[in-house]
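Residue numbers (the working numbering): 98 to 331. For glycine and all other residues, C-beta sits at the position ideal for the given N, C-alpha and C. Here the structure is a predicted model, which is why all the values come from computation and not from measurement. Scroll down for the structure; my scribbles are underneath it.
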Ligand code: SF4
Ligand code: FES
């Protein structure tokens, strides 16, 4: 069934089976998100896309559109929830933006700017996480990982390799690499895999490509809070 739903007061069309975020994005409406990608199945990991559907909170990336729904997205209270989520992600990892190659093209940094985050808001956790530089073409720095699972889904659904997985519980939850040694260099990851390019932050970065696009000319510098979908494949 197709039809229209109301999105922040505007009529948005949808196709049969489409999620709220897919339909809204197709209509040029931006739903803040970190873990959604149009080429992958949803995971509902980040909750940044939480909207109100007929008065109830729901993730726009996992909720199917239906005719007549009233969807509220950019309300002050929902944006305040998003601000808290972004602040928690910033303090949970080590995000030293000025020294990160992803700066200016980072979904977390972009969300922070767009939502008006001006400081950490919470005490920084400052975890010590390993950096894996064993792959000839790709860095893995889990200090910046926000556990969005995009790399897992890309490697599984598109690359058909299953290079990445999640291990641990609670604050110890982390990404692991499926290889005999657990190191990226011994895995089946190839430089042109989607999983090598989809990370929305600077946790998975290509080697030998530092500052190819100068700071000031990167996507978030020119179009903050834009329709970008995560990773450097946008
Ligand atoms: Fe997401 Fe990047 Fe962490 Fe993978 S490494 S879960 S893509 S933040
Ligand atoms: Fe919907 Fe992350 S939970 S985009």
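(Q) Please state whether the Cβ-Cβ distance between residue 201 and residue 289 is less than 8 Å. (A) no
(Q) Counting C-beta neighbours from all protein chains within 10 Å, is the total for residue 118 16 or more, i.e. buried, or is it exposed? (A) buried
Q: Kindly identify the DSSP beta-bridge partner or partners of residue 222.
A: Residue pairing by DSSP leaves residue 222 without any beta bridge partner.
(Q) Using a Cβ-based criterion (distance less than 7 Å to any ligand heavy atom), does residue 141 qualify as near the ligand FES? (A) yes
Q. What separation, rounded to the nearest whole angstrom, lies between the Cα atoms of residue 246 and residue 142?
A. 7 Å
Q.
Under 7 Å: does the beta carbon of residue 244 sit that close to some heavy atom of the ligand SF4?
A. True, at least one ligand heavy atom lies under 7 Å from that Cβ.
Q.
Is it buried or exposed, residue 130, if we count other Cβ atoms within 10 angstroms and call 16 or more buried?
A. buried
**Q.** Residues bridged to residue 116 (per DSSP)
**A.** 161.
Q | Buried versus exposed, by CB contacts within 10 Å (16 or more), residue 154 | A | Burial state of residue 154 is exposed, judged by a 10 Å Cβ sphere holding fewer than 16 other Cβ atoms.
Q) Of all the options 241, 158 and 219, which has the alpha carbon lying nearest to the alpha carbon of residue 229? A) Nearest C-alpha to residue 229: 241.
Q: Give a single yes or no on whether residue 248 has its beta carbon closer than 7 Å to a heavy atom of the ligand SF4.
A: Indeed, a heavy atom of the ligand SF4 lies less than 7 Å from the Cβ.
Q: Determine which residues share a DSSP beta bridge with residue 312 and list them.
A: Looking at the DSSP assignment, residue 312 forms no beta bridge with any residue, so it has no partner.
Q. Quick one: what does DSSP say residue 100 is sitting in, helix, strand or coil?
A. strand
Q: Report whether the distance from the Cβ of residue 136 to the nearest heavy atom of the ligand FES is below 7 Å.
A: Checking the Cβ of residue 136 against the ligand FES gives no.
Q. Contact between the stretch 137-151 and the stretch 168-185: three or more CB pairs below 8 Å?
A. yes
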